[in-house]
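Add 549 to the 1-based position in the sequence shown for our numbering, that's all there is to it. Don't be surprised by glycine CBs; every beta carbon is placed ideally from N, CA and C. Please read the structure below before turning to the comments.
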Amino acid sequence: MVSAMVAGLVRKWSSKRCDLGKYCSADRRRSRDPDKLPTSPNWVAVKLGSQTFEKAICWGVGNGERIKVSTDCWIKGQSLRELVQGPLTRSESDMVVVDFMYSGCRGWIWEDISFVLPQDIRDKIRAIPCQQVGNEEDKIIWKFSKDGNFSTKSAYDLANLAQEQLPSFLGQWIWKLDVLPKIVNFLWLILYNSMPVRDVLASRGIDCNRRCPLCKDLPKSINHLLRECVFAHDF
């Protein structure tokens, strides 16, 4: 439920109806590696909600000036990059929709793409409603409602669906073992990649050398510590 509610907050940011500065400090917005900065519970919730939000939005074509042809989701909720295989040229990566259609949305300039688009993709693009008069801006649309507007209920349903698709807890067998509690705890740390070895610490933003201090060859991951390191074999 929290992720659904925060998705609504992210929606307000996208439409500039809420001040991001209330939840995200200027230092975090300027940082090249914001994940290494101290994180408040509010910002953790915001990041969770943004994941729900990003899955559920697409672009509605207006004047086409803001939508990237290749990377933004504007073709029936998908991007061109998701629909085709192979590399794209720099011009295709930088192209916006307004450069890809004739003035007044009278058709699409297929020859601006360096390869022949499959017919099914062309049909999807032709079916996109766009304005022939005026200069209305492109807008973000919520994919899970009939009118394209955000609703907490649809976000809640989406968050629940994502939760249902998560794999079930795989460690029930650990707690049933008739061994010392410290061994149970040790196995749980291994299963959930939570043992504080160098590679795990570095992946969580702690500044440390990943290399194994014993063999000085590979990163000191849990697998390396228990199986791969030559010193582990001797132990």
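Limits of the unbroken alpha helix (DSSP H) element including residue i
i: Lys617; result: That residue, Lys617, is in no alpha helix (DSSP H); it is neither H nor E in DSSP.
i: Leu738; result: 730-740
i: Val789; result: Absent from the structure is residue 789, since the part of the chain shown begins at 550 and ends at 784.
i: Lys673; result: 668-675
i: Gln721; result: 721-724
i: Leu629; result: 629-632
Element boundaries [beta strand (DSSP E), containing residue i]
i: Ile606; result: 606-609
Where residue i falls: helix, strand or coil (DSSP)
i: Arg760; result: strand
i: Trp657; result: strand
i: Gln680; result: coil
i: Arg776; result: helix
For residue i: DSSP bridge partner residues
i: Lys688; result: Gly609
i: Ser768; result: Note on residue identity: the sequence assigns Pro, not Ser, to residue 768. Beta-bridge pairing links Pro768 to Arg760.
i: Val645; result: Lys617
i: Met744; result: Looking at the DSSP assignment, Met744 forms no beta bridge with any residue, so it has no partner.
i: Ile662; result: BP columns for Ile662 are empty, so no partner.
i: Ile755; result: The partner list for Ile755 (beta bridge, DSSP) is empty, contrary to what the question assumes.
Rounded C-alpha distance that separates residue i from residue j
i: Lys725; j: Ser663; result: 60 Å
i: Asn698; j: Arg630; result: 25 Å
i: Cys607; j: Asp661; result: 23 Å
i: Lys692; j: Lys625; result: 9 Å
i: Gly653; j: Gln680; result: 7 Å
i: His773; j: Cys622; result: 40 Å
i: Asn758; j: Asn734; result: 26 Å
i: Ala751; j: Asp706; result: 35 Å
i: Gly635; j: Asp687; result: 28 Å
Neighbourhood of residue i by C-beta distance below 7 Å, restricted to the same chain and skipping five residues each side
i: Ile658; result: Phe649, Met650, Tyr651
Sequence-distant residues of the same chain with beta carbon closer than 6 Å to residue i, five excluded per side
i: Lys769; result: Val746, Arg747, Asp748, Cys761
i: Ser700; result: Ser694
Heavy atom of the ligand ZN within 8 Å of residue i beta-carbon
i: Glu660; result: Looking at this structure, you won't find the ligand ZN or any other ligand, since it has none at all.
Contacts around residue i, its chain only, beta-carbon distance under 8 Å, and the 5 residues preceding and following it disregarded
i: Ile739; result: Ile771, Leu775
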